[in-house]
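Chains as they are written, first to last, in the working numbering: chain A, 1 to 353; chain E, 354 to 706; chain V, 707 to 1059. All C-beta atoms in this analysis are idealised placements derived from N, C-alpha and C, irrespective of residue type, glycine included. In this text, all values refer to a predicted model and were calculated from it rather than measured experimentally. Here is the structure we will look at, set down as structure tokens.
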Amino acid sequence: MRTWIAIGASFAVAAFLGVLHYADANAVLQFVVGILALALLAWTVGIGTEVVGARFGPAATGVLQSTLGNLPELFIVIFALRAGEIVVAQTSILGSLLANALLVLGLAIVAGAWQAGDGVMRFSRRLPNDTAMLLMLVVFIIAIISTSISLGDRAADNAETISVIGAILILCVYGAWLANYLRAGGGQEPAIEGHEAPAIAFTAGLAVLALAGVAAAFVSEWFVDVIDPATQDLGISKAFTGLVIVAIAGNAVENVVGIQLAWKKRYDLAISVVKNSVAQIAAFLYPALVLISMLFTQHLTFGLPNNGLVLVVALVFAALAIWQITGDGEAAAYEGLALVVTYAVLATVVWFE
Amino acid sequence: MRTWIAIGASFAVAAFLGVLHYADANAVLQFVVGILALALLAWTVGIGTEVVGARFGPAATGVLQSTLGNLPELFIVIFALRAGEIVVAQTSILGSLLANALLVLGLAIVAGAWQAGDGVMRFSRRLPNDTAMLLMLVVFIIAIISTSISLGDRAADNAETISVIGAILILCVYGAWLANYLRAGGGQEPAIEGHEAPAIAFTAGLAVLALAGVAAAFVSEWFVDVIDPATQDLGISKAFTGLVIVAIAGNAVENVVGIQLAWKKRYDLAISVVKNSVAQIAAFLYPALVLISMLFTQHLTFGLPNNGLVLVVALVFAALAIWQITGDGEAAAYEGLALVVTYAVLATVVWFE
Amino acid sequence: MRTWIAIGASFAVAAFLGVLHYADANAVLQFVVGILALALLAWTVGIGTEVVGARFGPAATGVLQSTLGNLPELFIVIFALRAGEIVVAQTSILGSLLANALLVLGLAIVAGAWQAGDGVMRFSRRLPNDTAMLLMLVVFIIAIISTSISLGDRAADNAETISVIGAILILCVYGAWLANYLRAGGGQEPAIEGHEAPAIAFTAGLAVLALAGVAAAFVSEWFVDVIDPATQDLGISKAFTGLVIVAIAGNAVENVVGIQLAWKKRYDLAISVVKNSVAQIAAFLYPALVLISMLFTQHLTFGLPNNGLVLVVALVFAALAIWQITGDGEAAAYEGLALVVTYAVLATVVWFE
Chain A
1 MRTWIAIGAS
11 FAVAAFLGVL
21 HYADANAVLQ
31 FVVGILALAL
41 LAWTVGIGTE
51 VVGARFGPAA
61 TGVLQSTLGN
71 LPELFIVIFA
81 LRAGEIVVAQ
91 TSILGSLLAN
101 ALLVLGLAIV
111 AGAWQAGDGV
121 MRFSRRLPND
131 TAMLLMLVVF
141 IIAIISTSIS
151 LGDRAADNAE
161 TISVIGAILI
171 LCVYGAWLAN
181 YLRAGGGQEP
191 AIEGHEAPAI
201 AFTAGLAVLA
211 LAGVAAAFVS
221 EWFVDVIDPA
231 TQDLGISKAF
241 TGLVIVAIAG
251 NAVENVVGIQ
261 LAWKKRYDLA
271 ISVVKNSVAQ
281 IAAFLYPALV
291 LISMLFTQHL
301 TFGLPNNGLV
311 LVVALVFAAL
321 AIWQITGDGE
331 AAAYEGLALV
341 VTYAVLATVV
351 WFE
Chain E
354 MRTWIAIGAS
364 FAVAAFLGVL
374 HYADANAVLQ
384 FVVGILALAL
394 LAWTVGIGTE
404 VVGARFGPAA
414 TGVLQSTLGN
424 LPELFIVIFA
434 LRAGEIVVAQ
444 TSILGSLLAN
454 ALLVLGLAIV
464 AGAWQAGDGV
474 MRFSRRLPND
484 TAMLLMLVVF
494 IIAIISTSIS
504 LGDRAADNAE
514 TISVIGAILI
524 LCVYGAWLAN
534 YLRAGGGQEP
544 AIEGHEAPAI
554 AFTAGLAVLA
564 LAGVAAAFVS
574 EWFVDVIDPA
584 TQDLGISKAF
594 TGLVIVAIAG
604 NAVENVVGIQ
614 LAWKKRYDLA
624 ISVVKNSVAQ
634 IAAFLYPALV
644 LISMLFTQHL
654 TFGLPNNGLV
664 LVVALVFAAL
674 AIWQITGDGE
684 AAAYEGLALV
694 VTYAVLATVV
704 WFE
Chain V
707 MRTWIAIGAS
717 FAVAAFLGVL
727 HYADANAVLQ
737 FVVGILALAL
747 LAWTVGIGTE
757 VVGARFGPAA
767 TGVLQSTLGN
777 LPELFIVIFA
787 LRAGEIVVAQ
797 TSILGSLLAN
807 ALLVLGLAIV
817 AGAWQAGDGV
827 MRFSRRLPND
837 TAMLLMLVVF
847 IIAIISTSIS
857 LGDRAADNAE
867 TISVIGAILI
877 LCVYGAWLAN
887 YLRAGGGQEP
897 AIEGHEAPAI
907 AFTAGLAVLA
917 LAGVAAAFVS
927 EWFVDVIDPA
937 TQDLGISKAF
947 TGLVIVAIAG
957 NAVENVVGIQ
967 LAWKKRYDLA
977 ISVVKNSVAQ
987 IAAFLYPALV
997 LISMLFTQHL
1007 TFGLPNNGLV
1017 LVVALVFAAL
1027 AIWQITGDGE
1037 AAAYEGLALV
1047 VTYAVLATVV
1057 WFE
């Protein structure tokens, strides 16, 4: 019952944003309502996926969950690209990546380690190392193209061509990894279905999922529309909006489930939810959007503009940090805290840009 | 008895520096005597701490030892800041970090592996990994602010604010780590007290410690006073002075104990002494000095000036090197040599700056 | 018999290049024939080494094989330096490094993991970690000098002096590592001699080796001669020529043996061949060439010019990637694919420079 109320609330807020949009209401108000609507819809999509996914095996559910969970994110980036908001598009992808890899993972570790008897959260080493590898690959492409751009050399003029080639290659690696991951059953753990009886029935879940998807598309469009005036009124930079606000609203909220799972001592599953999300944004969503964006006038690339070198530094350290902290299959609370602090420092730096 | 002679010598050299100072003696002479006095006092503080620390548990002693062992370092930085010698202040912190992480650790590994039957020094993996994590966190903040400064973007103008926020956040992580470390008893090893009967009595140790602290404060002030004229006469850059000379004199000499312990096959303890020192400089001393410096006219930040990017590169590689080499709990002599060589190359580069 | 035909073919192609050279034939034709000749001679040197090496112990053979296997590479760099083609010299060393560390290792892992029952190739962790360490050390020196050069500070003017000091220090570390590696018997595996009966007799092998060495020297000189006109006609950059074409022709082809060994499930030996090659180029060939180049007018250093920062980024990620992927002693096919993709992206970027 509480689930239905929450689902209803998410649609209500989305509808309210629609009213505000057509009433040409204050941009800041629309901006705030948009953030709320995105966060709630992301949660609703998560619920729907879980229900629908229960029909499939555990590993498939995990992947399905990540894929659909990234829907709101996907819509925002597409609408941002269509609206020519290339900074918002790029920073919100990278923001989702960093918010999941640092903030959500960090909080999950703090929660999990707090609950563990000896203060150390333990989990399988395979997925963290694979995620670190996929992330490193994407960060390499971002770093090499961005360096090229900052040097202004001839490769910079071909950033789009290189990005398209890179995107196709990354998708191949992701495909090979995913095939292997699904074949191996996504780890030995019992996975999501066992975690609790779904709150709603299968067909209802399917309907919720479809509706939430449509709503997310509309909300994304309306939200992107007001980013420009709202951030100007609020005095927030677009980089901060994409990197922190959109990232947390559109993606990280859904992953609160990862933190809850860690708190319930379901360590492997918690890591699986958060890490799959990171791997998918890095090695599937970003390259897929690079390819999709070629249909638009504004093209998304892996190259960050000159002042984006700060983000390249953050990505490199994020990749190293999650490898260092989770690569050995155990993590203490202070290690989770270190990840959260890394994210907080990054957000502070971006705030002042 | 030999201990008392050495302690006496350290005070005598300190007093001699005082005489030279008030006699306005040749700057280069004062500079050389100052280095000697700092090194001897650092050693004396080490002795005092060990004696006093024997009253407390092993883990507490280790931390106390690092804390008091960093006293001379602390005084130099504070007096350098007061004198407006911001380059000396910043480079001597980073120099201590690098001298301990690369030179002292490298020599300890060479000594330990030499003594080991199969040429491999073995130790607990936990502390090395934790140190690498803390170091990585600090290096991240240094790298991101320095990148921002080198790009000259708006965040650069707020380097101080970001540094203060970063410093507070790092201190939280250090606190969380330290609490965990002390609760866990600082590893399972018997620690310092067992290593040999203290050479002097408890109250004598306390007196020595207090006197050495006061002497270190005076010596630091006198030393900082002559850095400017002496380095000009000698043709040495300030960066080299801070990064190599002050770093080795003020801090690394004390850590010779780490090398001795490795030689005596007390591997875990050796690693503990060196690593605790690195962790403390990075995650306690540096952020604490950033906060303290806000009381002075010259503010210390985590941001390095443009030509400091060389140091950022060195810090990143140092963090990676100690993680790579000691993270698996074993190290061979050539790995120690690689650390020493890394330090030597860095010193060479800084020499020519 | 087939071996002799192949050996004969390699000398025939070398002789044909000589004819083209003295007939002043079309540069592009000479360039293509030169690549073919280099690749075939690299293979012939490999055969000769294996035969001669069978007289010595397994570890010695591995090292001898790497050393002689790098002969063609060595000649090209020396002739390129003599001809003042500093870009070709430097990029072909780094290209060999990257081609072996990323492309050949990646393909070996794909082959090995494909053959393994559970899709995971397993091997000893020691050599991969040692190689990562040696590579990291060299990359550190390259990165710090290149950063210095790009900042244009005073250390940049002394890049040669610093490089010479660095080269000597790296050779010391390599020597210490090699002594340890040979003493330990190069791992526990039975090594090369057991792998199959040599195709030719010992004295014949010695003769082939000597002849191939002489031929490689001539071919290298002729090849370097036409790089300039041929790349201009073809519209290929010198960086691409050195980094990809020369690297694969002169060095990587020989390492096809590594891929074959992985396919035959001789995992430790496969890793040993590829990794020894990487370690040797990084920590022996490059520093040795830096020292040798001091005899020429054009000096080779560890410093890359400003637009070489793209290569520094690639080297850092290559070092991290091989550490991350092979450091735990196991690798899956998608991890090998990730290495290959990293190389492909790098080649694409360099292509457009």
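- As a beta-bridge residue in DSSP terms, Ala1038 of chain V pairs with V:Val826.
- Here the C-alpha atom of Thr514 of chain E lies approximately 22 Å from the C-alpha atom of Leu102 of chain A.
- Per DSSP, Pro305 of chain A lies in no alpha helix (DSSP H) segment and is marked neither H nor E.
- Going by DSSP, Arg125 of chain A is part of no alpha helix (DSSP H) at all; its letter is neither H nor E.
- Put simply, the backbone Cα of Leu337 of chain A is about 14 Å away from that of Gln324 of chain A.
- Minimum Cα-Cα distance from Thr679 of chain E among the listed residues E:Ser646, E:Asn659, E:Ser477 and E:Ala532 corresponds to E:Ser477.
- The shortest CA-to-CA distance from Ala390 of chain E to any of E:Asp681, E:Asp377 and E:Ser363 is the one to E:Ser363.
- In the three-state DSSP reduction, Ser237 of chain A falls in the coil class, being neither helix nor strand.
- For Ile847 of chain V, the chain E residues whose C-beta falls within less than 8 Å of its own C-beta are Val698, listed in chain order.
- With respect to the 9 Å criterion, Asn864 of chain V and Phe705 of chain E are classified as neighbours on the basis of their beta carbons.
- For the set E:Ile521, E:Val398, E:Thr701 and E:Leu692, the Cα lying nearest the Cα of Ile462 of chain E is the one of E:Leu692.
- Contact annotation: in the region 504 to 531 of chain E, residues whose CB is within less than 8 Å of a CB in chain A are Leu504, Asp506, Arg507, Ala508, Asp510, Asn511, Thr514, Ile515, Ile518, Gly519, Leu522, Ile523, Cys525, Val526, Ala529 and Trp530.
- Below the 7 Å Cβ cutoff, chain A contributes Met136 as neighbours of Leu1026 of chain V, in chain order.
- Under the 8 Å Cβ criterion, the region 366 to 383 of chain E does not count as touching the region 267 to 274 of chain A, having fewer than three qualifying pairs.
- Just measuring C-alpha positions, the residue of V:Thr947, V:Val1019 and V:Leu735 sitting nearest Gly801 of chain V is V:Thr947.
- Secondary structure of Met707 of chain V (DSSP, three-state): coil.
- Closest in C-alpha terms to Val226 of chain A, from the list A:Ile7, A:Ala12 and A:Leu29, comes A:Leu29.
- When DSSP states are grouped into helix, strand and coil, Leu300 of chain A belongs to the coil group.
- Taking the C-beta atoms as reference points, Ser445 of chain E is found nearer than 9 Å to Val430 of chain E.
- Residues of chain A with a Cβ closer than 9 Å to the Cβ of Asn659 of chain E do not exist, since the nearest Cβ in that chain sits about 13 Å away.
- Pairing Trp263 of chain A with Val870 of chain V, the inter-Cα distance amounts to about 56 Å.
- Counting only the Cα atoms, Ile876 of chain V lies some 36 Å from Leu421 of chain E.
- For Trp323 of chain A, the neighbours in chain V by C-beta distance under 8 Å run, in chain order, Gln1030.
- With contact defined as three or more Cβ pairs closer than 8 Å, the region 980 to 999 of chain V and the region 837 to 848 of chain V are in contact.
- For Glu403 of chain E, the secondary structure class from DSSP, reduced to helix, strand or coil, is helix.
- Considering only A:Glu85, A:Val13 and A:Val32, the residue with the shortest C-alpha distance to Leu300 of chain A is A:Glu85.
- A direct Cα-to-Cα measurement between Asp471 of chain E and Val769 of chain V gives close to 22 Å.
- Shown here for Leu596 of chain E: same chain residues with a beta carbon closer than 6 Å to its own, the five before and five after excluded, namely Thr444, Gly448 and Val703 in chain order.
- The beta carbon of Gly1009 of chain V sits closer than 6 Å to the beta carbons of Ile851, Ser852, Ile855 and Ala865 from its chain, once the five residues preceding and following it are set aside; these are given in chain order.
- Within the same chain, Leu98, Ala101 and Leu102 come within 6 Å of Ala318 of chain A by CB-CB distance, once the 5 residues on both sides are set aside.
- Within the same chain, Ile446 and Val491 come within 7 Å of Tyr639 of chain E by CB-CB distance, once the 5 residues on both sides are set aside.
- In this structure, DSSP gives Ala890 of chain V a state outside helix and strand, which the three-state scheme calls coil.
- Leu995 of chain V places its beta carbon less than 9 Å from that of Leu780 of chain V.
- Distance between Leu884 of chain V and Phe846 of chain V, taken at the CA atoms: about 20 Å.
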